[in-house]
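So the protein sequences, as listed, match chains F and E.
Everything in the first sequence is counted per the working numbering, starting at 1 for the first residue and increasing by one.
Everything in the second sequence is counted per the working numbering, starting at 102 for the first residue and increasing by one.
2 protein chains.
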Amino acid sequence: MTRQALTMLGKLIRIGRAERGLTAQELADRAGISRTTLSSIEKGAPGPEIGTVFEVVSLVGLRLFESDERMLQVYNFRLDEKLTLLPKSVRHAVKEVDDDF
Amino acid sequence: MTRQALTMLGKLIRIGRAERGLTAQELADRAGISRTTLSSIEKGAPGPEIGTVFEVVSLVGLRLFESDERMLQVYNFRLDEKLTLLPKSVRHAVKEVDDDF
DNA sequence: GCTTTATGACCAATCTAATGAACAAAACTA
DNA sequence: TAGTTTTGTTCATTAGATTGGTCATAAAGC
């Protein structure tokens, strides 16, 4: 499933790049990476750094979270609220949890 | 914006992990990575490999594309169709494109 | 309160990705 | 078709992440 998401993301990037009329070299330059790395990303390789992938995603206009920049800030804030309400560390009872599956 | 998406994803993972009652060590073990790396991921660092991040995302039950596994396959197929319709390479006219911004 | 456990941070050694160059093949244009 | 550009791929080197260990702090449970 991870693999599938990755290849899908790669295809989305490839399509987005084509729609914007960018060559691989051009997009790589704008993202500050090599064409080789961009090729890996579009291929859906698991290796590339998530930061560079997200940068490329942003450059081709993809929205991973289906929300725009402003929404990200707001949502981020709400996540912080949720985080403060949560216990700071996960603690196990004496008996092990058995939610393995 | 890339940075923001990364920190947000990290928080989502952290929350998801807490909701599932997993310690950092446990989640790291399941993902096959070290606790140090998981820490980086939850911190929203750009360095970690996208493959491992997606694996963690999947382990805590997050849905990046707001779709389940079956939807991924279908969507993937439709992306392939779109890809075949697209020109195989982006070609520039003699004159440079001037969509720089 | 005390004890135990989880987390955050840092480190050197190791492992792996990123790079840039080069080449071949494919694809677009004239 | 000929010629040019884009892309796919490989490879050695460079750069940077991952690891496993340890310590200190903090938080949860008793």
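Glycine residues also receive a C-beta, built at the ideal position from the N, C-alpha and C atoms.
Identify the residues that DSSP records as bridge partners of residue i: which are they?
{"i": "GLU150/E", "result": "GLU49/F"}
Buried or exposed for residue i, please, with buried defined as at least 16 other CB atoms from any protein chain shown within 10 angstroms of its CB.
{"i": "LEU186/E", "result": "exposed"}
{"i": "ARG14/F", "result": "buried"}
{"i": "ALA106/E", "result": "buried"}
{"i": "LEU12/F", "result": "buried"}
{"i": "GLU120/E", "result": "exposed"}
Where do the ends of the alpha helix (DSSP H) carrying residue i lie?
{"i": "THR23/F", "result": "Premise fails: THR23/F is in no alpha helix (DSSP H) and is neither H nor E."}
{"i": "ILE134/E", "result": "Here ILE134/E belongs to no alpha helix (DSSP H), and DSSP marks it neither H nor E."}
Closer than 7 Å, CB to CB, is residue i near chain F or not?
{"i": "THR103/E", "result": "yes"}
{"i": "GLY117/E", "result": "no"}
{"i": "GLY148/E", "result": "yes"}
{"i": "ILE151/E", "result": "yes"}
{"i": "ALA194/E", "result": "no"}
{"i": "ALA132/E", "result": "no"}
{"i": "ALA106/E", "result": "yes"}
Mind reading off the beta-carbon distance from residue i to residue j? Whole number of angstroms is fine, and I expect it under 8 Å.
{"i": "SER58/F", "j": "MET102/E", "result": "6 Å"}
{"i": "ALA31/F", "j": "GLU55/F", "result": "5 Å"}
{"i": "VAL53/F", "j": "GLY16/F", "result": "The pair is not a contact, with the Cβ atoms about 13 Å apart (cut-off 8 Å)."}
{"i": "GLY152/E", "j": "GLY47/F", "result": "7 Å"}
{"i": "LEU22/F", "j": "LEU38/F", "result": "So it is not a contact: roughly 10 Å between Cβ atoms."}
{"i": "ARG136/E", "j": "ALA146/E", "result": "The pair is not a contact, with the Cβ atoms about 14 Å apart (cut-off 8 Å)."}
Compare the C-beta of residue i with all C-beta atoms of chain E and state if any pair is closer than 7 Å.
{"i": "ILE13/F", "result": "no"}
{"i": "ALA28/F", "result": "no"}
{"i": "VAL60/F", "result": "no"}
{"i": "VAL56/F", "result": "no"}
{"i": "ASP98/F", "result": "Residue confidence for ASP98/F is low, a pLDDT of 40 falling below 50, so the modelled location carries little weight; the figure read from the coordinates is stated next. It does not: the Cβ of ASP98/F has no partner Cβ on chain E nearer than 7 Å."}
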